[in-house]
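Down below is the structure, laid out as structure tokens.
Number of protein chains: 2
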Amino acid sequence: MRNRFDIILAQNASEGKRFLGRILGKAPLFVCVIGTTEIAKIPGLSAAGRNPELTDYTPPADVELLLLGKCKCISSVPVTPEGIPTPGLITRSALKLASIPALAVNSGLRVKPQVPFFDLGGSPGRDIRTGKAVENVEDVMENARIAGEHLAKIADYLVIGESIPGGTTTALGILLAMGVDAKSKVSSSMPENPHELKIKVVEAGLKASDIAFSALSDNPVKAISCIGDPMVPAFAGLVLGAADRVPVLMAGGTQMGAVLVVLKALKPVLLRNVAIGTTRWIIADRTSDLKGIITQIADIPILAADLDFTSSRFNGLRAYEVGVVKEGVGAGGASIAAMLKSKGSITKGALLKEIEMNYEKLVGI
Amino acid sequence: MRNRFDIILAQNASEGKRFLGRILGKAPLFVCVIGTTEIAKIPGLSAAGRNPELTDYTPPADVELLLLGKCKCISSVPVTPEGIPTPGLITRSALKLASIPALAVNSGLRVKPQVPFFDLGGSPGRDIRTGKAVENVEDVMENARIAGEHLAKIADYLVIGESIPGGTTTALGILLAMGVDAKSKVSSSMPENPHELKIKVVEAGLKASDIAFSALSDNPVKAISCIGDPMVPAFAGLVLGAADRVPVLMAGGTQMGAVLVVLKALKPVLLRNVAIGTTRWIIADRTSDLKGIITQIADIPILAADLDFTSSRFNGLRAYEVGVVKEGVGAGGASIAAMLKSKGSITKGALLKEIEMNYEKLVGI
């Protein structure tokens with residue numbers, strides 16, 4: 478189902494249209510939650526960095542890119558092992574075109590960004606195979622809630638994105654612990670989705686935590702603490718604080734399932750005020766199943782920016798069309814917000830032009 | 478000169494009126510810059526804490542109070558050695574009454590607040606008598622500038638306050654190094670302003686840095702680095718980023734002189750878009766001379782909330798009328814913003830009522 482923007486209404490189209498109507502022409506604030514988990518360093522799990530050790534630099538570099546238009550903690554933009562650039566490039570381009578302000582939120586990092594960021598007192602996520610993944614989940618969530626409450630007073634709505642390498646695996650952990658069958662459904666930044674490896678890692682974590690499928694459906698704090706990552710409580714806390722007052726576009730792929738199931742357990746009434754904003758590449762992906770995850774939790778709208786890089790003159794962008802990267806740093810949600818803020822004058826074509834310009838400047842050919 | 482609000486136009490009344498007209502009914506964002514300097518621990522210098530060692534806790538406790546309505550890092554609200562409560566109580570009351578959102582900015586702290594805060598990568602200020610007061614001044618200022626730029630996109634105007642015990646002494650240092658004669662003109666949180674002690678400390682710092690009066694009038698970064706505190710570059714950076722786009726109410730007393738002289742050296746054109754917002758107690762203070770400092774720098778408006786605690790039923794609030802505390806945590810500016818946002822329906826009487834209610838709840842009688 479289509480609409481007059483370059484946006485695909487991928488689930489609950491009627492509510493999705495209403496959501497778009499409510500944010501049309503309004504002034505959003507983009508918030509990027511960044512964090513790290515040690516499992517990103519398991520070889521073959523994440524492509525959000527040139528090599529596993531470099532994944533610590535990807536989240537800070539992503540928000541440097543958003544706020545400055547260039548990275549500082551690394552010399553170029555974050556890339557996959559094949560050199561395909563971060564989706565933060567899409568986010569940066571969308572925010573810049575539509576003059577949407579951005580804030581970075583540190584949920585728990587090994588490397589701090591060299592730009593201003595919100596701190597929530599969180600720590601980097603540990604290897605979930607220990608069963609002790611995240612510290613101070615409640616404190617981080619409460620700090621995020623307070624931040625969300627205040628940010629909701631200064632923006633018409635929030636668009637919240639994330640950057641945490643390895644995050645789909647921890648999302649799988651939370652989803653399974655809370656009773657959502659997400660096995661072989663979470664997305665990947667690689668074209669060949671390493672489902673077996675993810676499941677193996679998560680099952681080791683569930684075993685170490687002595688948690689059966691669905692055992693923690695009413696205990697999101699424990700689920701995150703045992704087998705999640707720091708991004709999820711920070712993201713969920715922001716929504717908890719903001720969605721009472723303003724609409725919230727949850728900008729991401731299958732990881733949004735983990736945030737959503739946490740929200741549903743804590744304050745289900747807020748789900749009326751949220752939608753998921755993602756990219757066409759996530760909707761089209763045959764190696765994952767966003768809708769299959771979300772419909773198990775709630776019938777909220779899924780909106781997807783109809784981005785199309787097929788005609789791009791850059792290999793690094795055309796790679797998105799064969800399933801590399803797909804989403805991240807709120808790329809899809811930021812694109813949707815740019816289209817809506819500009820009342821449609823920012824089209825997918827205009828976006829691609831800006832993305833190519835920034836690609837050329839930052840990555841070279 | 479009066480106007481229809483409980484606001485005193487204490488300097489450049491015609492520009493002051495225009496400034497008030499521009500922010501009338503608009504939606505501000507309150508930003509509180511917090512930091513520490515070791516000189517607050519010199520006995521007799523600062524009353525911003527029950528004893529000098531406790532001054533490390535005052536700034537984080539102040540922003541906890543603003544964001545939560547109570548403190549977490551200490552058991553009650555910050556008080557002077559005589560038990561007089563922080564002006565943050567005024568700020569909290571004003572922001573709450575007018576539903577003004579607030580953000581905390583860490584410019585360099587020994588103790589972190591247990592609420593979300595913006596981090597600029599700054600470090601706590603050292604003893605200025607070493608001549609090496611603040612690290613990374615340029616980085617902190619640049620991070621603050623980026624933050625200010627983004628915050629200016631989401632608020633009609635900014636009100637920026639500060640909490641840094643010992644800050645008037647470091648302000649004196651910056652002012653002298655940059656050629657503003659502020660000796661015996663900076664304010665104090667004590668009724669007996671310890672001018673001699675402040676001058677002695679600053680002169681030791683100037684000597685250690687080998688800086689003569691006015692020697693650094695074109696070099697604010699060096700002045701802050703040698704003899705300032707971390708609050709000043711963070712505050713100035715926020716104004717640098719924001720005042721291009723929106724009005725900025727610099728909420729504070731004589732320390733605003735140090736921020737202003739830095740701004741004037743870096744981007745004088747911005748001074749057209751700023752005003753100082755303070756309290757009547759600062760204007761009425763015979764131990765300091767805000768106007769005498771500011772007029773040496775620029776003829777910008779000074780606005781003062783006409784707060785009057787004479788009739789309060791609490792000793793701890795009546796103490797403000799005999800020169801204790803006077804200003805801080807942006808109390809005056811927040812009060813002005815509350816009056817203007819409510820188009821005058823929040824009067825000084827309404828403010829006092831709310832302040833007394835919060836006083837009773839938080840401090841007891």
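Going down the list, the sequences are from chains A and B. Take any residue in the first sequence, count from 1 to its spot, add 477: that is its number in my numbering. Take any residue in the second sequence, count from 1 to its spot, add 477: that is its number in my numbering. Glycine is no exception: its CB is placed at the ideal position from the N, C-alpha and C atoms.
To which residues of the same chain is residue i closer than 6 Å at the C-beta, ignoring the five residues directly before and after it?
i      : result
B/P578 : L506
A/G714 : M618, A621 and R622
B/K549 : E541 and Q591
A/A666 : According to the sequence as given, residue 666 of chain A is Ser; it is not Ala. Same-chain partners within the cutoff: A524, A525 and V802.
Which chain B residues sit within Cβ distance under 9 Å of residue i?
i      : result
A/K503 : The contacting residues do not exist; A/K503 stays about 12 Å from chain B at best.
A/S576 : K630
I need the straight-line Cα distance from residue i to residue j, nearest angstrom please.
i      : j      : result
A/L829 : A/L784 : 8 Å
B/R587 : A/A775 : 44 Å
B/P564 : B/V799 : 14 Å
A/V738 : A/K589 : 29 Å
A/S600 : B/A538 : 22 Å
A/F791 : A/N835 : 12 Å
B/P710 : B/I516 : 17 Å
A/I511 : A/P536 : 5 Å
B/V508 : B/S640 : 11 Å
B/A629 : A/L574 : 17 Å
A/G705 : A/A796 : 30 Å
B/P668 : B/D687 : 32 Å
B/A814 : B/R481 : 14 Å
B/D762 : A/C703 : 57 Å
B/A742 : B/S789 : 43 Å
B/P697 : A/E615 : 42 Å
B/Q732 : A/L839 : 41 Å
B/M708 : B/V736 : 9 Å
A/T764 : A/E673 : 12 Å
B/I823 : A/A610 : 48 Å
A/A781 : B/T772 : 56 Å
Within this structure, are the beta carbons of residue i and residue j separated by less than 8 Å?
i      : j      : result
B/P593 : A/L597 : yes
B/T712 : B/G656 : In the sequence under discussion, the amino acid at residue 712 of chain B is Phe, which differs from the Thr named in the question. In this structure, B/G656 does not lie closer than 8 Å to B/F712 by Cβ.
A/L726 : A/G754 : yes
A/G769 : A/K660 : no
A/L717 : A/L740 : yes
B/A504 : B/D695 : no
A/A525 : A/P642 : yes
A/G493 : A/A685 : no
B/L649 : B/K677 : no
A/P724 : A/R499 : yes
B/G602 : B/T647 : yes
A/D483 : A/K825 : yes
B/V554 : B/L572 : no
Within a Cβ cutoff of 8 Å, which residues of the same chain sit near residue i, ignoring the five residues on either side of it in sequence?
i      : result
A/G502 : L817, K818 and K820
A/M478 : Its pLDDT being 46, under 50, A/M478 is placed unreliably in this model, and the coordinates cannot settle the point.
A/E804 : P564, S664, G729, G730, T755, T756, W758 and I759
A/A827 : L574
B/E833 : S789, R790, F791 and L794
A/T532 : T513, A517, K518, S523, A525, G526, P642 and G643
Going along chain A, which residues have a C-beta under 7 Å from residue i?
i      : result
B/F712 : The premise fails here: B/F712 is roughly 13 Å from chain A at the closest Cβ pair, so nothing lies under 7 Å.
Which same chain residues, not among the five before or five after residue i, have their C-beta less than 7 Å away from its C-beta?
i      : result
A/F595 : L580, A581, V582, N583 and A624
B/A700 : I651, A654, M655 and L693
B/T568 : L543, G638, V806, G807, A808 and A811
B/S570 : L828, E831, I832 and N835
B/I551 : Y534 and A538
Note down, in chain order, every chain A residue with its Cβ under 8 Å from the Cβ of residue i.
i      : result
B/L594 : At residue 594 of chain B the sequence reads Phe, which differs from the Leu that was named. By Cβ distance, chain A contributes F595 and D596.
B/N620 : Q591, V592 and P593
Would you mind telling me which residues of chain B sit closer than 8 Å to residue i, beta carbon to beta carbon, in chain order?
i      : result
A/K589 : D596 and G598
A/N544 : It is worth fixing the name first, because residue 544 of chain A is Leu in this sequence and not Asn. Going along chain B in sequence order, the residues near A/L544 (Cβ under 8 Å) are I623 and H627.
Can you pull the chain B residues whose beta carbon is under 7 Å from the beta carbon of residue i, in chain order?
i      : result
A/L506 : I631
Residues of chain A with a CB under 9 Å from the CB of residue i: which are they?
i      : result
B/L586 : Here the premise fails: no neighbours, minimum Cβ distance about 11 Å.
Does residue i have its Cβ less than 8 Å from a Cβ in chain D?
i      : result
B/L580 : Absent here is chain D; the protein component of the structure consists of chains A and B.
Is the number of C-beta pairs between the segment 544-560 of chain A and the segment 602-609 of chain A that are closer than 8 Å three or more?
no
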